[in-house]
Amino acid sequence: MSARKKLSTFFSRYAVVIIFVIITLIAIPPSGLSIKYILQEIITRLGRNSFLVLALLLPIYAGMGLNFGMTLGAMAGQVGLIFAVNYGISNWQGLVFALLVGLPISVLLGYVCGLVMNRAKGREMVTGYILAFFINGIYQFFVMYMLGSVIPMGNKSIVLSRGYGIRNTLNLESVRQSLDNIVMLRVGGFSIPLVTFIVIALLCVFVVWFKKTKLGQDMRAVGQDMAVAEAAGIPVEKTRIVAIIISTVLACAGQIIFLQNMGNLATYNAHDQTGFFAVAAILVGGASVTHASIANVFLGVTLLHAMFVVSPLAGQKLFGSAMIGEYFRQFIGYGVIAISLVLYAWRTRKAAAEARLSLRGAQNGPGKGNGKPAVGNGGQA
Amino acid sequence: MRNFKTFIQDFGWPRIIIFFFLVALFIMAPFVGVRLDASFSDVLNRFGQNAIMVLAMVPMIQSGCGLNFGLALGLVAGLLGATLSLQLELHGMLGFLGAIVLATPFSIIFGWFYAKLLNKVKGEEMTIAMYVGFSFIMFMCIMWLILPYNNPTMVWGYAGKGLRTTISVENYWLKILNNFLAIKIGQFFVFPTGLLLFVALFAFLMWLFLRSKTGTAMTAVGSNPDFARASGVDVDKMRTISVIISTFLGAVGIIVYEQSFGFIQLYTAPSPMVFPAVAAILIGGASINKASMVNVLVGTILFQGLLTMTPSVINSLLQTDMSEVIRIIVSNGMILYALTRKIKVSK
Numbered sequence: 425m426s427a428r429k430k431l432s433t434f435f436s437r438y439a440v441v442i443i444f445v446i447i448t449l450i451a452i453p454p455s456g457l458s459i460k461y462i463l464q465e466i467i468t469r470l471g472r473n474s475f476l477v478l479a480l481l482l483p484i485y486a487g488m489g490l491n492f493g494m495t496l497g498a499m500a501g502q503v504g505l506i507f508a509v510n511y512g513i514s515n516w517q518g519l520v521f522a523l524l525v526g527l528p529i530s531v532l533l534g535y536v537c538g539l540v541m542n543r544a545k546g547r548e549m550v551t552g553y554i555l556a557f558f559i560n561g562i563y564q565f566f567v568m569y570m571l572g573s574v575i576p577m578g579n580k581s582i583v584l585s586r587g588y589g590i591r592n593t594l595n596l597e598s599v600r601q602s603l604d605n606i607v608m609l610r611v612g613g614f615s616i617p618l619v620t621f622i623v624i625a626l627l628c629v630f631v632v633w634f635k636k637t638k639l640g641q642d643m644r645a646v647g648q649d650m651a652v653a654e655a656a657g658i659p660v661e662k663t664r665i666v667a668i669i670i671s672t673v674l675a676c677a678g679q680i681i682f683l684q685n686m687g688n689l690a691t692y693n694a695h696d697q698t699g700f701f702a703v704a705a706i707l708v709g710g711a712s713v714t715h716a717s718i719a720n721v722f723l724g725v726t727l728l729h730a731m732f733v734v735s736p737l738a739g740q741k742l743f744g745s746a747m748i749g750e751y752f753r754q755f756i757g758y759g760v761i762a763i764s765l766v767l768y769a770w771r772t773r774k775a776a777a778e779a780r781l782s783l784r785g786a787q788n789g790p791g792k793g794n795g796k797p798a799v800g801n802g803g804q805a
Numbered sequence: 050m051r052n053f054k055t056f057i058q059d060f061g062w063p064r065i066i067i068f069f070f071l072v073a074l075f076i077m078a079p080f081v082g083v084r085l086d087a088s089f090s091d092v093l094n095r096f097g098q099n100a101i102m103v104l105a106m107v108p109m110i111q112s113g114c115g116l117n118f119g120l121a122l123g124l125v126a127g128l129l130g131a132t133l134s135l136q137l138e139l140h141g142m143l144g145f146l147g148a149i150v151l152a153t154p155f156s157i158i159f160g161w162f163y164a165k166l167l168n169k170v171k172g173e174e175m176t177i178a179m180y181v182g183f184s185f186i187m188f189m190c191i192m193w194l195i196l197p198y199n200n201p202t203m204v205w206g207y208a209g210k211g212l213r214t215t216i217s218v219e220n221y222w223l224k225i226l227n228n229f230l231a232i233k234i235g236q237f238f239v240f241p242t243g244l245l246l247f248v249a250l251f252a253f254l255m256w257l258f259l260r261s262k263t264g265t266a267m268t269a270v271g272s273n274p275d276f277a278r279a280s281g282v283d284v285d286k287m288r289t290i291s292v293i294i295s296t297f298l299g300a301v302g303i304i305v306y307e308q309s310f311g312f313i314q315l316y317t318a319p320s321p322m323v324f325p326a327v328a329a330i331l332i333g334g335a336s337i338n339k340a341s342m343v344n345v346l347v348g349t350i351l352f353q354g355l356l357t358m359t360p361s362v363i364n365s366l367l368q369t370d371m372s373e374v375i376r377i378i379v380s381n382g383m384i385l386y387a388l389t390r391k392i393k394v395s396k
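Each protein sequence line maps, in turn, to chains A and B.
One gets the working numbering by counting positions in the first sequence from 1 and adding 424 to each.
One gets the working numbering by counting positions in the second sequence from 1 and adding 49 to each.
Below is the structure:
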């Protein structure tokens, strides 16, 4: 009984990871891609995406769920890059400049995001999601109407022909892969962007260190139980705001790293999918709404992007249509988020029901404590 | 005076601002060369087009399931009904009603499974509904490509299979409701009688339903689940009913929208249609746990009025198209306002 239960807990906890490994393994042979190509792609994408995904960790520790509001940081980073291109600052200096511009904006946006989320406790995720849309409207307004009219843009080649507003696609030639190419390690036919990985490693060290600080401990306490933390004298609302600000700033830096690797910026929709991909990645890596680790991030990015690499070609081969592969990967991305959230909510309710049953004592016995009856009780008892 | 104050508080500042903004737009319209009669006609038309999808929000809000971000399931059921009706070559009123009848079983099945899922995740419905909706749309994208439809007006010409992204309903049931008993005044104003009657019929049925025994029980579940359970109401069953009704109304809503708009839009088209419906009912004064017919009426008129008037008036005023930005800010700002407000109310 107990062993079976353990096994079922294991499966329900790692269900998403297991499903993902299986789908990807099945899709590799029909895609016709060599293992070496897939590995190189994964290395590139680890460098490109890990930083963004790591930005999700702190809000999870603080009990605020998956921070869909990270898109705010991504927009701040894009504004920074637009100015870097405008002033013609190239190479890694351009990236640093973009970060310096993005930093105050992302701190401000993070603060706003924290305030809004404090007013919507228990609904942080959906609120963050909508807030990202809302700020997107302001971003569009700023980039499309303010830049070039209210704020003068020196570089006319990035401005729309009507005289104000930024062009739909911005060529980031001047800063393209400038972080990756500082030291490009070539080992056994693979190219590894060393500096990018060092930056990511430093962030990991920061996260580990931060968790041990007073603030980090407070954050975990708030994440466990807000009422208890409040009673223990921790400023709950402030701690939550700090968590979101750090996350937003990291997302700003992450988006700059992401875009320098991509090499061009879709001015008006590059940030649309940022939150979606980052959240999907961390969930694929086995994280949940309340638990996440650095390992989840790297496992998740690897698995998610392995599937993204193979699925269009596999779709082409299996169904004769690349579009099917494309739709399939989006279906899986959204589906993974949905399944993880469902499993998490379901587990929480089950745990609560079991706790209630154990309180009720001996006459019910442990026999009723597992599986379906307990779930039903959540609604009925 | 106190009455007035509480009224303002209940109604909420954002709505009042939007209302006056809309009035200002209407006042400005003639001065910038926008015809008022044509504008009114547009607003009425778009109100009818969208009202049923907004109405679909009501049952789930009432039963405590929150805003139905998973309305896409209903929309997809409607798309299935519409495409099947075209596939069966149903024309005219028969085609339109046929689409609704054909969509009904799908909406009930989707709604039932959707409700089962939502009952397992009480408290987290909104985020989950959103992602269930998205992933279902993506799943259906694959289905639209491989389902064996073969009506030449619907499939890609060169491949002979796979549905087109937009399908015209011109030869089938274009504007079948809009033109029913339509009253034409002058050159630019058309009163879409049939469309509005149809909307009124559904709103009336919903109003009746909310006052029936089941409807009252459903509202009780939304107001206080523990109390409802103590008085012998089956909470999960009531929630299931509300989700199925909501999904069904979503299906009817998109078919009504299509007959007026003229095209069936497939693939990823349903996903951007959900948020406007959510925003509209919130602009109308609903909160995430209370909604009424008045909210639907006021909200749809205000929101669609805004969508109709901002492009024409603001564009002629500023010589630039800011309507998209205004739409994004207003609709999402409204949802955000509702999400952050409930705490204050429950205190």
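Even for Gly, the Cβ is constructed at its ideal location relative to N, Cα and C.
Residue i to residue j span [Cα, whole Å]
{"i": "Met549 of chain A", "j": "Ala702 of chain A", "result": "14 Å"}
{"i": "Met488 of chain A", "j": "Leu783 of chain A", "result": "29 Å"}
{"i": "Leu533 of chain A", "j": "Leu137 of chain B", "result": "53 Å"}
{"i": "Val362 of chain B", "j": "Ile290 of chain B", "result": "43 Å"}
{"i": "Tyr511 of chain A", "j": "Gly572 of chain A", "result": "13 Å"}
{"i": "Val477 of chain A", "j": "Asp86 of chain B", "result": "52 Å"}
{"i": "Gly271 of chain B", "j": "Trp256 of chain B", "result": "16 Å"}
{"i": "Ile313 of chain B", "j": "Ala231 of chain B", "result": "23 Å"}
{"i": "Arg472 of chain A", "j": "Leu139 of chain B", "result": "52 Å"}
{"i": "Ala269 of chain B", "j": "Lys339 of chain B", "result": "11 Å"}
{"i": "Phe240 of chain B", "j": "Phe89 of chain B", "result": "9 Å"}
{"i": "Leu627 of chain A", "j": "Asp642 of chain A", "result": "20 Å"}
{"i": "Gly759 of chain A", "j": "Gly123 of chain B", "result": "18 Å"}
{"i": "Phe162 of chain B", "j": "Gln111 of chain B", "result": "19 Å"}
{"i": "Leu781 of chain A", "j": "Leu93 of chain B", "result": "56 Å"}
{"i": "Leu351 of chain B", "j": "Ile157 of chain B", "result": "31 Å"}
{"i": "Ile529 of chain A", "j": "Ala500 of chain A", "result": "6 Å"}
{"i": "Glu219 of chain B", "j": "Thr202 of chain B", "result": "10 Å"}
{"i": "Tyr588 of chain A", "j": "Ala387 of chain B", "result": "34 Å"}
{"i": "Ala705 of chain A", "j": "Val721 of chain A", "result": "7 Å"}
{"i": "Phe69 of chain B", "j": "Ile76 of chain B", "result": "10 Å"}
{"i": "Ile718 of chain A", "j": "Thr495 of chain A", "result": "20 Å"}
{"i": "Ala730 of chain A", "j": "Val103 of chain B", "result": "40 Å"}
{"i": "Leu523 of chain A", "j": "Ala498 of chain A", "result": "11 Å"}
{"i": "Ser395 of chain B", "j": "Gly348 of chain B", "result": "Caution is warranted here: a pLDDT of 38 is assigned to Ser395 of chain B, below 50, making its placement in the model unreliable, and no coordinate value can be reported."}
{"i": "Arg376 of chain B", "j": "Ile293 of chain B", "result": "29 Å"}
{"i": "Asn788 of chain A", "j": "Glu778 of chain A", "result": "Unreliable positioning characterises Asn788 of chain A in this predicted model, as indicated by a pLDDT of 48, which lies under 50. A coordinate reading is not provided."}
Segment limits, beta strand (DSSP E) that includes residue i
{"i": "Phe614 of chain A", "result": "614-617"}
{"i": "Phe237 of chain B", "result": "Element bounds for Phe237 of chain B: n/a, residue is neither H nor E."}
{"i": "Met608 of chain A", "result": "608-611"}
{"i": "Asn560 of chain A", "result": "Element bounds for Asn560 of chain A: not the beta strand (DSSP E) but the alpha helix (DSSP H), 548-565."}
{"i": "Ile216 of chain B", "result": "215-217"}
{"i": "Leu527 of chain A", "result": "Per DSSP, Leu527 of chain A belongs to no beta strand (DSSP E); it is in the alpha helix (DSSP H), 515-542."}
Host alpha helix (DSSP H) of residue i (start-end)
{"i": "Thr317 of chain B", "result": "Note, Thr317 of chain B: premise wrong, no alpha helix (DSSP H); not H, not E."}
{"i": "Val362 of chain B", "result": "Here Val362 of chain B belongs to no alpha helix (DSSP H), and DSSP marks it neither H nor E."}
{"i": "Leu674 of chain A", "result": "660-686"}
{"i": "Leu223 of chain B", "result": "That residue, Leu223 of chain B, is in no alpha helix (DSSP H); it is neither H nor E in DSSP."}
{"i": "Asn491 of chain A", "result": "Looking at the DSSP string, Asn491 of chain A is not in any alpha helix (DSSP H), and its letter there is neither H nor E."}
{"i": "Asn199 of chain B", "result": "That residue, Asn199 of chain B, is in no alpha helix (DSSP H); it is neither H nor E in DSSP."}
Rounded Cβ spacing between residue i and residue j (contact assumed at less than 8 Å)
{"i": "Val593 of chain A", "j": "Leu689 of chain A", "result": "Just to set this straight, residue 593 of chain A is Thr in the shown sequence, not Val. Contact holds; Cβ gap of about 7 Å."}
{"i": "Met187 of chain B", "j": "Phe492 of chain A", "result": "No, Met187 of chain B and Phe492 of chain A are not in contact; Cβ-Cβ is about 18 Å, not under 8 Å."}
{"i": "Trp222 of chain B", "j": "Leu315 of chain B", "result": "Not quite, the Cβ-Cβ distance comes to about 17 Å (not below 8 Å), so this is no contact."}
{"i": "Gln601 of chain A", "j": "Gly687 of chain A", "result": "7 Å"}
{"i": "Gly130 of chain B", "j": "Phe155 of chain B", "result": "7 Å"}
{"i": "Gly405 of chain B", "j": "Ile304 of chain B", "result": "Since the displayed chain B opens at 50 and closes at 396, residue 405 of chain B lies outside it and no answer follows."}
Proximal residues of chain C, C-beta to C-beta of residue i below 7 Å
{"i": "Glu173 of chain B", "result": "Absent here is chain C; the protein component of the structure consists of chains A and B."}
Please specify which runs of the alpha helix (DSSP H), each continuous and at least 4 residues long, are wholly inside the segment 52-128 of chain B, giving them in chain order. Those alpha helix (DSSP H) runs which fall completely within the segment 52-128 of chain B and span 4+ residues are 62-77, 85-104, 106-111.
Those runs of the alpha helix (DSSP H) which lie wholly inside the segment 255-312 of chain B and span at least 4 residues: As for any alpha helix (DSSP H) of minimum length 4 sitting wholly inside the segment 255-312 of chain B, the runs are 262-272, 274-279, 284-310, ordered along the chain.
Is it the case that the segment 325-338 of chain B contacts the segment 254-269 of chain B, given that we only count it when at least three CB pairs across the two stretches are under 8 Å? No, because fewer than three Cβ pairs between the segment 254-269 of chain B and the segment 325-338 of chain B fall closer than 8 Å, the two stretches do not touch.
Taking 8 Å as the threshold, find out whether the segment 725-732 of chain A comes into contact with the segment 622-642 of chain A through three or more Cβ pairs. No, because fewer than three Cβ pairs between the segment 725-732 of chain A and the segment 622-642 of chain A fall closer than 8 Å, the two stretches do not touch.
Would you check if the segment 165-176 of chain B and the segment 105-119 of chain B touch, i.e. whether three or more CB-CB distances between them fall below 8 Å? Short answer: they touch.
Where in the segment 439-471 of chain A do unbroken runs of the beta strand (DSSP E), each at least 3 residues long, occur, reported from the N-terminal end onward? Within the segment 439-471 of chain A, no complete beta strand (DSSP E) run reaches 3 residues.
Does the structure place the segment 646-659 of chain A close enough to the segment 512-519 of chain A that three or more beta carbon pairs sit under 8 Å? No, because fewer than three Cβ pairs between the segment 512-519 of chain A and the segment 646-659 of chain A fall closer than 8 Å, the two stretches do not touch.
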